[in-house]
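Residue numbers (the numbering used here), protein chains in the order written: chain A, 32 to 332; chain B, 228 to 581. Note that CB positions come from ideal geometry on N, CA and C, so glycine has one too. Here's the structure we're looking at; comments come further down.
Right, dumping it as structure tokens:
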């Protein structure tokens, strides 16, 4: 049994990286809820947003660069909606999923073609020296990275803003209606195309936030795109249609994989962080296919 | 005018059930086989054999494996690379730990190991489907990546993590020149194609297609979804595992886990989509396309006098692959194979279309 201090430190670090997974998972959930598309390209959008921001910030003041990046992400959303989703309306979910894999590859290639493929540093002005908490309680205290704290705060406020948006505004209500039933929503006069554009843009902005958080942690580079692969088990765990699920799933995966690395890792060779989340998700799938918070899937002929 | 069934009457059930019912088709396939077995070995140089044809044939086998699962049974898999890796490492370990094992038996047993693990990771498909299944198969991919990198036993504790295949010795015939390797791969590709073609025309293949088209309806007409799905996983993983052995033993010679990463899985998925889901011919067309395109992209800009950096070429490759996937899904979801079908229909009416 390890000391309590280091365990708490690992747990806290895990929870905070879990928040980062949640940020990516959130983008998936938004789009899946509103359009039934499992958007594999979310990771590519994270990379694209982060790359755009970093390169624009090189010759624009930061707030302006941020604004332009938001516009770029809306343009990307519009293009994807117009060129990929609209021709494929009514197709099987699997076809749409594979189409978004295509979009992933395109965006990865396109982003690196126009913005370059080096590793870029994203400086958000957050101090990089770690903080030590509770030094009076534990010897040496608990080490916390300010970037993680920043990401947690951002993720928290993002979730708050999104739930207000979904439950308190007219557009939010329309979004939920579309998520429930496309045809019924359309027949009461909700413009589907507009709604999808809004959802994809929102997901693009969420991707930008995720890209900022991950980018300042890891540097902006191609591997950001792979973060999406880490977010998939989070989704499965939390349920594809639930925003709180994405958050809780992220926390469970983040904390779980760090603790598993600490306790089980040494027994079987280490590095199990790589697949722990997936095996966890697989186990959940076998017991509860809809995830922790998802809606039960009912099918009829 | 030439490609027409006029005057060819099928007078027995055997003729009616033949794979190639038209004399023209039979002639065509005979020509293709003659070129593949005799013509290419006479004409092709070592580079062509080693760098293009051998990988193409092996990837075609792997694509057939994925196509059986995705195109015929409708179960998506993003873990084909993992099953190839399992086949490759199983063959390596069997050959290492059971000296004197005949090579072909080694290949076969490795395929069985891959099939077993395929069924294990296919188990979730009984309860879940579609997108959820994609994640379950990704789990197979990540787990395999990790296991072959970190668990030393699989790689016989080689410090670098890369392992080398034993010499290819089939009943005393040592396969070491590119031409012999090509023949070996061609034999496997022909065998897989025939077996797969007949499998999908049989009861089991038809039950896969019923599951693909509508699983609940299939269950109602008496098909066991569990048996159908798991058998699809087993056969698909067996073929993928076999392709993995070929890729490792014949094409690479010595390899490390990176050779079967998620890139490989995506590449195979692209082959199936572009070639044609639910088509054996499509697996070959897709494999050819995906193998040749990067080579073409590397050489074409230089031919027209544009110099591109290698990074740029790889980014362009990403973009073109991505765009092609989307375009094919929108315009021709059944891929190149369907285009060929349409061409044949047109040929029947030529030169007097109505």
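Only exposed fits residue 238 of chain B, as fewer than 16 other CB atoms lie within 10 angstroms of its CB. Short of 7 Å from the beta carbon of residue 311 of chain B, and not among the five residues preceding or following it, lie these beta carbons of its own chain, in chain order: 289, 467, 468, 470, 471, 474, 487, 491. Cβ atoms of residue 240 of chain A and residue 185 of chain A come within 8 Å of each other, at about 6 Å. Within 9 Å of the CB of residue 130 of chain A, the CB atoms of chain B belong to 552, 553, 556, 557, in sequence order along the chain. A Cβ-Cβ contact shorter than 9 Å links residue 66 of chain A with residue 116 of chain A. The C-beta distance from residue 303 of chain B to residue 297 of chain B rounds to 6 Å, short enough to fall under 8 Å. In the DSSP annotation of this structure, the continuous segment of the beta strand (DSSP E) that includes residue 395 of chain B starts and ends at 395-397. DSSP, read as helix, strand or coil, puts residue 90 of chain A in coil. Below the 7 Å Cβ cutoff, chain B contributes 358 as neighbours of residue 69 of chain A, in chain order. Contact between residue 134 of chain A and residue 553 of chain B is confirmed by a C-beta separation of about 7 Å, below the 8 Å threshold. Using a CB distance cut-off of 9 Å, residue 78 of chain A does not count as an interface residue toward chain B. Among the CB atoms of chain A, none fall inside 9 Å of the CB of residue 482 of chain B. Counting the other CB atoms within 10 Å of its CB gives residue 139 of chain A a total of 16 or more, which places it among the buried residues. Within the DSSP bridge table, the entry for residue 391 of chain B names B:481 as partners. Here residue 58 of chain A is not near residue 205 of chain A, since their CB atoms are 9 Å or more apart. Between residue 278 of chain A and residue 269 of chain A, the gap from beta carbon to beta carbon is short of 9 Å. Think of a sphere of 7 Å around the beta carbon of residue 264 of chain A: the chain B residues whose beta carbon falls inside it are 362, in chain order.
Using beta-carbon distances, residue 375 of chain B does not count as an interface residue toward chain A, since no partner is under 9 Å. Interface annotation, residue 310 of chain A: in contact with chain B, CB-CB separation under 9 Å. Secondary structure at residue 340 of chain B: helix, using DSSP grouped into helix, strand and coil. The beta carbon of residue 402 of chain B is closer than 7 Å to those of 395, 408, 411 in its chain, skipping five residues each way along the sequence. Put simply, the CB of residue 542 of chain B is near chain A, with a gap under 9 Å to one of its CB atoms. The count of Cβ pairs closer than 8 Å, one atom from the segment 121-132 of chain A and one from the segment 64-79 of chain A, reaches three, so the stretches are in contact. In this structure residue 274 of chain A is in contact with residue 60 of chain A, their Cβ atoms being roughly 6 Å apart against a cut-off of 8 Å. The segment 451-461 of chain B makes contact with the segment 419-439 of chain B; the number of CB pairs closer than 8 Å reaches 3 or more.
Per the coordinates, the alpha-carbon of residue 516 of chain B lies some 22 Å from the alpha-carbon of residue 406 of chain B. Of the residues A:245, A:127, A:290, the one whose Cα lies closest to the Cα of residue 361 of chain B is A:127. Interface with chain B (9 Å Cβ-Cβ cutoff): residue 306 of chain A is included. By the C-beta criterion, the segment 492-508 of chain B is judged to be in contact with the segment 554-567 of chain B, since at least 3 inter-stretch pairs fall below 8 Å. With contacts defined as CB atoms closer than 9 Å, residue 370 of chain B and residue 309 of chain B qualify as a contacting pair.
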